[in-house]
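Numbering (the working numbering), first residue to last: 913 to 1563.
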């Protein structure tokens, strides 16, 4: 009986001792904590959690002081069905051959998660190899794949263009980071085209993997005008081509604001954008600050044609608030300066009343009309007095197929009276060259003419003031009908091309070619002939000093550069000043009697230097000194002449 009690006590002690030993080994109850280095087996993922910043807390199975300091023989991935393992390896710091480190593994799991292709369910398991190394197994779960995209709300940008940013994600696991990048690119695409109010309104996905994107492009609800007191609303509205109902485009509205500013009726033009109750519609307000448009001007200057002159004028650039310009100007000058003996010394008197309507039936068409009177010593007909009185109306239309092309049509009526200025001197000249004095009557021919003049203009210049690049060209046909004497009816065709080439940062080189000729009409008066010589054709010669005739050709090359240091000031006057080096050449065909009696050379080449001051709205004010490189004729000067010019007069 006593022996049975001892046996029972020993059995009880054994039962109590064995569980404690097994528990110390950690696998008596099945090893639920997975803390040992495992033999090769297929691991199972364990659900882990991530904080709001996506700092991964994915499970990393290790054994203290067991797997640490062991080499990683290789890295295996489980669960990546679409994403290639090489792409995942690129995100990891740990690579095969490195020493196993639990903290580095934790960091690599975070980097893998931040790729965006995987759920939070990921795990890293170090597995013991027989050679003492470790195989690191990374268990991941891919997001549901993207199967398709739908786009709603786009009207100004095509669906294909939007899909070009999204389709690289098709067939891959959903990736929030890549989707956000694609959305940002879509919005950048809208912004780059001027649609700055466009936005991605919502993104959703269907159970089948379709991603739905809804776009709000930003529609104009209404356009308001504020600040105009004198200017009529319709003047502003017709210059604003943007309309309610359109998707707002910043680039197009800027063009509208520039168009308004160019009317010269406003000191400042700005816009405001305000949201409405509809999240996809906006109110646009155009704020106008008007400026004083009526002006009285008194001035003076010097010009080779007008001489030393004084001028007075009155103008209104916003006549009756309709953005129409009306002006009355008068000029009185001493007459042609630096003239040769062929030009009668006489006061130059001019008066002009002009009216400009920038919006003539539509925004691309304008009307310019004027009435004028001119009285001066003729530089076409020797020693004659020329009086012109007339009216002209010109309609200009900018072509829709090319904004750089403008077509014009002019209708004019002009009476030209040419009278004798010095009969005695003319008789002497005719006698010297054995020319019948009866020919003088032909020289003094004038008349009443009705003109029809279609023309084409092409202009791509970067600036109308200090031009550095671009092309300017014109082609014009003038049909002049003799109203009182139809035999004087004639037609002329004239063309010009000027090309600007930028040199350095502020300089330019320009090349000009001009030509023209009489197409028909044997009795065209000499007063309407072409001429060469002077500030607007061949410099270094006096007015008409090369000759007058029925046709001409000429060319010019000019280098223009700022004057050192002066262009660095803040004074516009000095910033627009250019030093020029140039060369001109030209020839007259079918010369007139005047060319014979004044021994004009009929062709010329000259070179020289000058200064140009570019004035907005007027063109260049120029002073040049040129020297003839060919025979200047008996009335010319081998040492050349100064010439003074205002604007760019072209045939």
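All residues carry an ideal CB built from backbone N, CA and C; glycine is no exception.
Expected contact under 8 Å - CB spacing of residue i and residue j to nearest Å
i            : j            : result
residue 1137 : residue 1102 : Not a contact, Cβ separation roughly 27 Å.
residue 985  : residue 1008 : 7 Å
residue 1466 : residue 1496 : 7 Å
residue 1441 : residue 1292 : 6 Å
residue 1154 : residue 1172 : Rounded, the Cβ-Cβ distance is 12 Å, inconsistent with contact.
residue 1107 : residue 1170 : Rounded, the Cβ-Cβ distance is 19 Å, inconsistent with contact.
residue 1452 : residue 1538 : 3 Å
residue 1437 : residue 1404 : The Cβ separation is near 12 Å, so there is no contact.
residue 1518 : residue 1450 : 6 Å
residue 1283 : residue 1289 : That belief does not hold up - the Cβ atoms of residue 1283 and residue 1289 are roughly 23 Å apart, past 8 Å.
residue 1306 : residue 1322 : 4 Å
residue 1368 : residue 1319 : 6 Å
residue 1021 : residue 1036 : 6 Å
residue 1200 : residue 1178 : 6 Å
residue 1247 : residue 1262 : With a Cβ gap of about 12 Å, residue 1247 and residue 1262 do not count as contacting.
Endpoints, the alpha helix (DSSP H) within which residue i is located
i            : result
residue 1074 : 1071–1078
residue 1430 : It is not in any alpha helix (DSSP H) - residue 1430 instead sits in the beta strand (DSSP E) that spans 1419–1432.
residue 1327 : From DSSP, residue 1327 is part of no alpha helix (DSSP H) but of the beta strand (DSSP E) over 1317–1332.
residue 1344 : 1335–1344
residue 1501 : No alpha helix (DSSP H) contains residue 1501, which is instead part of the beta strand (DSSP E) from 1489–1503.
residue 1515 : Where residue 1515 is concerned, there is no enclosing alpha helix (DSSP H), although the beta strand (DSSP E) it sits in stretches over 1515–1527.
residue 1353 : 1351–1355
residue 1482 : That residue, residue 1482, is in no alpha helix (DSSP H); it is neither H nor E in DSSP.
residue 1146 : 1145–1151
residue 1168 : 1162–1173
residue 997  : 997–1001
Residue i, buried or exposed, once every other Cβ within 10 Å from all chains shown has been counted against 16
i            : result
residue 1157 : exposed
residue 943  : Annotation note: pLDDT 35 at residue 943 (below 50); position unreliable, coordinate value reported separately. Result: exposed.
residue 1571 : Beyond the ends of the chain as shown, which are 913 and 1563, falls residue 1571; an answer cannot be given.
residue 1402 : buried
residue 1313 : exposed
residue 999  : exposed
residue 1044 : exposed
residue 1475 : exposed
residue 1413 : exposed
residue 1226 : exposed
residue 1096 : exposed
residue 1394 : buried
residue 1552 : buried
residue 1002 : exposed
residue 1339 : exposed
residue 974  : With a pLDDT of 47 at residue 974, under the threshold of 50, the modelled position of this residue cannot be trusted; read the value that follows with caution. With 16 or more Cβ atoms within 10 Å of its Cβ, residue 974 is classed as buried.
residue 1384 : buried
residue 1072 : exposed
residue 1417 : exposed
residue 1232 : exposed
residue 1147 : buried
residue 1398 : exposed
residue 1472 : buried
DSSP bridge partner residues for residue i (one or two, in chain order)
i            : result
residue 1193 : 1131
residue 1460 : 1443
residue 1380 : Bridge partners of residue 1380: none, in fact.
residue 986  : 1047
residue 1184 : 1197
residue 1295 : DSSP output for residue 1295 lists no bridge partner at all.
residue 1468 : 1424 and 1496
residue 1280 : 1268 and 1306
residue 1011 : 983
residue 1474 : 1490
residue 1388 : 1367 and 1406
residue 1301 : 1285 and 1327
residue 1509 : DSSP lists no partner for residue 1509.
residue 1600 : For residue 1600 there is no data in the structure shown, the boundaries of the chain being 913 and 1563.
residue 1393 : 1362
residue 1178 : 1202
Residue i - containing beta strand (DSSP E), residue span
i            : result
residue 1411 : 1402–1415
residue 1362 : 1359–1371
residue 1564 : An answer regarding residue 1564 cannot be provided, because it is not within the stretch 913 to 1563 covered by the chain.
residue 1558 : 1553–1558
Residue-chain proximity (residue i, chain D), Cβ-Cβ < 9 Å
i            : result
residue 1373 : Absence of chain D from the displayed structure is noted, only one protein chain being present.
Length at least 4, wholly inside the region 1200–1277: the alpha helix (DSSP H) runs in chain order: none
Whole beta strand (DSSP E) elements within the region 1077–1133, 3-residue minimum: 1111–1117 and 1122–1128
In chain order, each beta strand (DSSP E) run of at least 3 residues that lies wholly inside the region 1020–1066: 1035–1040, 1046–1051 and 1060–1064
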